[in-house]
Structures are given as structure tokens and as C-alpha cells.
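Asks: Pasting a structure here, questions to come.
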DNA sequence: GCCTTGACTGTTATGATATAACGTTAGATA
DNA sequence: TATCTAACGTTATATCATAACAGTCAAGGC
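Chains as they are written, first to last, in the numbering used here: chain A, 1 to 165; chain B, 166 to 330.
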């Protein structure tokens with residue numbers, strides 16, 4: 001699974017609009033200040049790497065890039081930065097892919113659901129308000145105190161549906 | 166994470182009622198016949214192991230038990246049996262725990278959601294009809310052709326809420 | 001400004017999870 | 001029974017993740 005590479009070909013509209021990247025980095029800075037945590041160089045660079053990536057990146061993919069730029073070369077370097085970003089709502093962990101992706105709308109406390117394309121491995125954040133509401137209801141019914149949830153859908157993205165048809 | 170052991174203490178009502186185990190095994194046999202697949206000894210035993218377990222088991226936990234009973238000793242033995250069960254709707258993979266659990270209601274094509282207790286690691290299947298409906302709607306809205314989904318909630322089960330209060 | 005303190009970084013080492021590939025065995029079926 | 005394919009068990013290796021520790025740096029008290 002080393003290659004989550006979707007490097008070639010066209011890019012989905014929602015990702016890596018350059019303006020957007022800058023906006024998110026600014027927001028990350030602001031949030032760090034708010035929360036009294038530090039968006040250090042590795043952390044910031046890790047976020048940039050995720051933002052520039054098409055689709056989700058594995059921790060070792062991120063590590064490779066960080067190492068190439070003079071940051072540490074060992075797994076904990078990547079995992080720590082990634083965990084920081086996840087804890088601070090700047091990135092998400094995609095469990096099905098053992099991978100991470102930048103949060104597309106870090107401004108909302110949005111408890112995202114993810115749409116993972118089986119064909120091109122792209123990951124899209126979906127509006128998950130209704131899904132989470134339904135899940136809350138199901139949890140309530142079971143007497144379960146819900147804290148957080150992983151919601152990951154697998155299927156075909158719009159582009160790949162066309163390609164397969 | 167080798168020890169998902171919740172061996173001691175009381176048992177949740179939904180699991181390992183012995184009668185229930187037999188019923189599920191019978192159903193598994195029937196389904197195998199239906200589908201023209203074989204519920205071989207390893208596969209059957211693997212299902213039993215999952216049914217007898219409290220909570221989810223890691224592949225290596227299952228392997229250990231299988232090996233002790235004279236089945237193969239290497240990881241693929243467990244993974245193949247577990248994947249067979251998952252593919253045939255007799256077990257579920259819990260990604261957050263890197264673990265597997267027997268399906269509690271294999272008779273329904275129920276696309277389950279899971280409620281994972283942070284305190285005791287118990288895993289409960291929840292009614293997920295509404296959740297899946299909401300997810301389908303969100304996928305539709307994004308032009309995404311949904312095939313299947315992972316829905317895993319983390320929080321506190323009823324018993325552990327009491328214990329923590 | 002200087003020192004203390006705690007957070008952060010990078011490292012070594014190891015643990016945990018998962019699969020590829022191949023030869024052998026056993027079931028189905030013609 | 002001969003043949004074919006699915007399943008099994010193995011070796012080997014890939015992949016993902018964290019524990020523990022030493023050195024470094026930034027922020028706040030003095």
C-alpha cells in the first residue's frame with residue numbers, strides 16, 4: 001500500500017486549490033494560538049504535505065517527504081506530527097486506508113464522514129450531520145454514550161463511475 | 166494490543182448464550198451450502214472462537230487458539246479464515262481495533278454499525294438502518310456510488326457509564 | 001537577561017498487523 | 001479414477017505503529 005499515488009492525471013476540484021491551502025494554514029496558525037499549542041515547523045510542514053497531496057497519505061509517505069527536507073527520518077516524527085494535527089482538528093485519520101488526510105473544512109466542528117473511492121483511492125469529506133444524528137439516536141437506543149465515530153464509505157467517486165461505465 | 170482480553174468479570178447478555186452459538190453455527194452451515202462455499206474445519210472453528218469470545222479478537226489472538234488446536238501456526242491461516250467469514254457475512258472486521266467479531270445477527274443483511282466501549286473494549290452491533298440511509302443520502306449528494314461502509318462509534322457502554330460515574 | 005521547566009524533536013529499538021508466493025492436500029466433478 | 005480447483009500450511013517479507021530515552025528549544029518566573 002506504499003503507493004497511494006494518484007499523482008498523475010487531473011486533480012479533483014476540492015483539493016489543493018493553492019489559495020485554499022494558504023487559508024487553511026493561516027487558520028491552523030490561528031487555532032494553535034487559540035489553543036495554546038504550537039504549530040512547529042514539522043507540524044506545519046506535515047499539514048502542507050497533506051494539503052498538497054491528492055488523497056490520503058500513509059504515515060510513511062509523509063515521513064519520506066519530511067526526511068527529504070531535513071526533518072527526522074524515523075516513524076515517530078511523522079506519527080507525532082500527524083497525531084497533533086488530528087487532535088487539533090486539522091487532519092483526519094482514514095482507518096480503512098491506514099492513512100491521513102488534511103481536513104477540508106477545519107473551521108467547522110463537523111465530524112466528517114469520508115467517501116473513499118475504490119478505484120482511485122481519493123478521499124472526500126461528506127456532510128455528515130444527518131449521519132451523525134442517526135448514529136447518536138442508535139447509540140442512545142442502546143444506552144451507549146457516544147463520544148466520537150468513524151464513518152467511512154467505500155464506493156466509486158463520480159469521476160471513476162464514468163470511467164468504469 | 167495483543168490482549169483484547171475481557172475474560173474476567175461478567176458477560177454481556179448479547180454474547181455467547183450457548184444456544185445462540187449453536188443456532189448461528191447452523192445458520193453458517195446453511196448459508197455455506199446456499200452459496201456453494203465450504204465451511205471447512207478451520208473456518209468453522211474460527212467462527213466458534215469469535216462467538217465464544219467476549220468482544221473482538223485480533224487475528225493473532227485467533228491464530229493462537231487455532232494453532233493450539235492443531236491448525237496452522239502462521240498468520241495467513243487466521244487471516245484467510247477471518248476474511249472468509251467477513252465475506253460471507255458471518256463476521257465483521259472492526260477497523261478501529263484491528264480486530265474481528267462474530268456477526269450477532271447473520272440472518273439479516275443488516276450493514277451494522279458498531280459501538281465500541283473505550284473502557285472495556287466491548288463491541289456491540291447497533292441498528293444501523295437509519296444511519297446507512299443518511300449516509301446513502303450524503304453519498305448521493307456528492308455523486309458518490311456507495312458500495313459499503315464502516316461505521317464505528319467510540320464511547321462508553323451502559324455498564325461502564327455506571328462504573329465511571 | 002538568566003534560569004527553570006516542560007514541551008518538542010530525533011533516535012534506537014521493537015512490537016503489531018498483514019500479505020505475497022509457493023508447494024501440497026483434499027473435494028468436487030466429469 | 002483422472003482432473004481440476006479451492007483450500008491449507010509454510011516461509012518470507014511488507015507494512016503500520018509505538019515505547020523509551022537523550023538532546024534541544026521556547027516560554028515564563030525571577
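Glycine is no exception: its CB is placed at the ideal position from the N, C-alpha and C atoms.
Verify the CB distance criterion: does residue 261 (chain B) have a CB-CB separation below 8 Å to chain A?
Replies: Indexing the second chain from 1 puts residue 261 (chain B) at position 96. Closer than 8 Å: yes.
Asks: Tell me the DSSP secondary structure of residue 312 (chain B) in three-state form.
Replies: Residue mapping note: residue 312 (chain B) aligns to position 147 of the second chain, counting from 1. Three-state result, residue 312 (chain B): strand.
Asks: Measure the beta-carbon distance from residue 212 (chain B) to residue 256 (chain B) and round it to whole angstroms, keeping in mind my assumption that it falls under 8 Å.
Replies: By one-based count along the second chain, residue 212 (chain B) stands at place 47. By one-based count along the second chain, residue 256 (chain B) stands at place 91. Between residue 256 (chain B) and residue 212 (chain B) the Cβ distance is about 7 Å, and since that is below 8 Å, they are a contact.
Asks: Around the Cβ of residue 240 (chain B), are there at least 16 other Cβ atoms within 10 angstroms (buried) or fewer (exposed)?
Replies: Working through the second chain from its first residue, we reach residue 240 (chain B) at position 75. When all chains shown are included, residue 240 (chain B) counts as exposed.
Asks: Does residue 212 (chain A) come out as helix, strand or coil in the three-state DSSP assignment?
Replies: Any property of residue 212 (chain A) remains undetermined from this structure, which presents chain A solely from 1 to 165.
Asks: Flag residue 289 (chain B) as yes if its beta-carbon sits less than 8 Å from any beta-carbon of chain A, otherwise no.
Replies: Position 124 of the second chain, counted from the first residue, corresponds to residue 289 (chain B). So yes, residue 289 (chain B) belongs to the interface.
Asks: Need the endpoints of the beta strand (DSSP E) that residue 258 (chain B) sits in, please.
Replies: The residue you call residue 258 (chain B) lines up with position 93 of the second chain. That run of the beta strand (DSSP E) goes 256-259.
Asks: When the Cα of residue 196 (chain B) is compared with those of B:277, B:215, B:218, B:249, which residue comes out closest?
Replies: Here residue 196 (chain B) corresponds to residue number 31 of the second chain, with the count starting at 1. Nearest of B:277, B:215, B:218, B:249 to residue 196 (chain B), Cα basis: B:249.
Asks: Whole angstroms are fine: how far does the CA of residue 102 (chain A) sit from the CA of residue 168 (chain B)?
Replies: For the purposes of this step, residue 168 (chain B) is taken as residue 3 along the second chain, with counting starting at 1. For the purposes of this step, residue 102 (chain A) is taken as residue 102 along the first chain, with counting starting at 1. The pLDDT assigned to residue 168 (chain B) is 39, lower than 50, so where the model puts this residue is not dependable, and the model offers no usable value.
Asks: So with Cβ pairs under 8 Å, would you call residue 316 (chain B) a contact of chain A?
Replies: Along the second chain, one-based indexing puts residue 316 (chain B) at 151. By this cut-off, residue 316 (chain B) is an interface position.
Asks: By the DSSP assignment, the beta strand (DSSP E) with residue 113 (chain A) in it spans what residues?
Replies: Position 113 of the first chain, counted from the start, is the residue given in the question as residue 113 (chain A). Unbroken beta strand (DSSP E) run through residue 113 (chain A): 113-117.
Asks: Classify residue 88 (chain A) as buried or exposed, calling it buried when 16 or more other Cβ atoms lie within 10 Å of its own Cβ.
Replies: Mapped onto the first chain, residue 88 (chain A) falls at position 88. Classification of residue 88 (chain A): buried, given that the 10 Å Cβ count is 16 or more.
Asks: Mind reading off the beta-carbon distance from residue 277 (chain B) to residue 290 (chain B)? Whole number of angstroms is fine, and I expect it under 8 Å.
Replies: Within the second chain, residue 277 (chain B) is the residue found at index 112, counting from 1. Within the second chain, residue 290 (chain B) is the residue found at index 125, counting from 1. Contact flag correct, Cβ pair sits at about 4 Å.
Asks: Less than 8 Å between the beta carbons of residue 210 (chain B) and residue 234 (chain B), yes or no?
Replies: Indexing the second chain from 1 puts residue 210 (chain B) at position 45. Indexing the second chain from 1 puts residue 234 (chain B) at position 69. Contact flag set, yes.
Asks: Does the beta-carbon of residue 20 (chain A) have 16 or more other beta-carbons within 10 angstroms, so that it is buried, or is it exposed?
Replies: The residue given as residue 20 (chain A) occupies position 20 in the first chain. Residue 20 (chain A) is exposed by the Cβ-count criterion.
Asks: Over the uninterrupted alpha helix (DSSP H) stretch that includes residue 64 (chain A), give me the two end residues.
Replies: Within the first chain, the letter at position 64 stands for residue 64 (chain A). Here the alpha helix (DSSP H) through residue 64 (chain A) covers 59-68.
Asks: Does chain A have any CB closer than 8 Å to the CB of residue 273 (chain B)?
Replies: Here residue 273 (chain B) refers to the residue found at position 108 when the second chain is read from its first residue. It does not: the Cβ of residue 273 (chain B) has no partner Cβ on chain A nearer than 8 Å.
Asks: Tell me which same chain residues have a C-beta within less than 6 Å of the C-beta of residue 280 (chain B), skipping the five on either side of it?
Replies: Within the second chain, the letter at position 115 stands for residue 280 (chain B). Within the same chain, residue 280 (chain B) has close Cβ partners 289, 291, 318.
Asks: Could you check whether the Cβ of residue 307 (chain B) sits closer than 7 Å to any heavy atom belonging to the ligand ATP?
Replies: Looking at this structure, you won't find the ligand ATP or any other ligand, since it has none at all.
Asks: Using DSSP's beta-bridge definition, name the partner residues of residue 252 (chain B).
Replies: Taking the second chain and counting its residues from 1, the one referred to as residue 252 (chain B) is at position 87. Per DSSP, none; premise fails for residue 252 (chain B).
Asks: What did DSSP end up calling residue 273 (chain B) once you bin it into helix, strand or coil?
Replies: Residue mapping note: residue 273 (chain B) aligns to position 108 of the second chain, counting from 1. It is coil, neither helix nor strand.
Asks: Rounded to whole angstroms, what is the Cα-Cα separation between residue 140 (chain A) and residue 110 (chain A)?
Replies: Start at 1 with the first residue of the first chain, and residue 140 (chain A) comes out as number 140. Start at 1 with the first residue of the first chain, and residue 110 (chain A) comes out as number 110. Each residue's alpha carbon lies about 20 Å from the other.
Asks: Check the Cβ of residue 322 (chain B) against every Cβ in chain A and list those closer than 9 Å, keeping chain order.
Replies: Translated into the one-based positions of the second chain, residue 322 (chain B) becomes position 157. Near residue 322 (chain B) (Cβ distances below 9 Å), the residues of chain A are 142, 143, 144, 145.
Asks: Helix, strand or coil: how does DSSP classify residue 320 (chain B) here?
Replies: Looking up residue 320 (chain B) in the second chain gives position 155. Of the three classes helix, strand and coil, the one that applies to residue 320 (chain B) here is strand, per DSSP.
Asks: Suppose you measure from the CA of residue 80 (chain A) to the CA of residue 272 (chain B); what does that come to, to the nearest Å?
Replies: In the first chain, the residue the question calls residue 80 (chain A) occupies position 80. In the second chain, the residue the question calls residue 272 (chain B) occupies position 107. Using only the alpha carbons, I get a separation of about 43 Å.
Asks: Could you give the DSSP three-state label for residue 123 (chain A): helix, strand or coil?
Replies: Numbered from 1 along the first chain, position 123 holds the residue referred to as residue 123 (chain A). Correct three-state label for residue 123 (chain A): strand.
Asks: Below 8 Å between beta carbons: does that hold for residue 95 (chain A) and residue 150 (chain A)?
Replies: By one-based count along the first chain, residue 95 (chain A) stands at place 95. By one-based count along the first chain, residue 150 (chain A) stands at place 150. Against a cut-off of 8 Å, the Cβ pair of residue 150 (chain A) and residue 95 (chain A) comes out as a contact.
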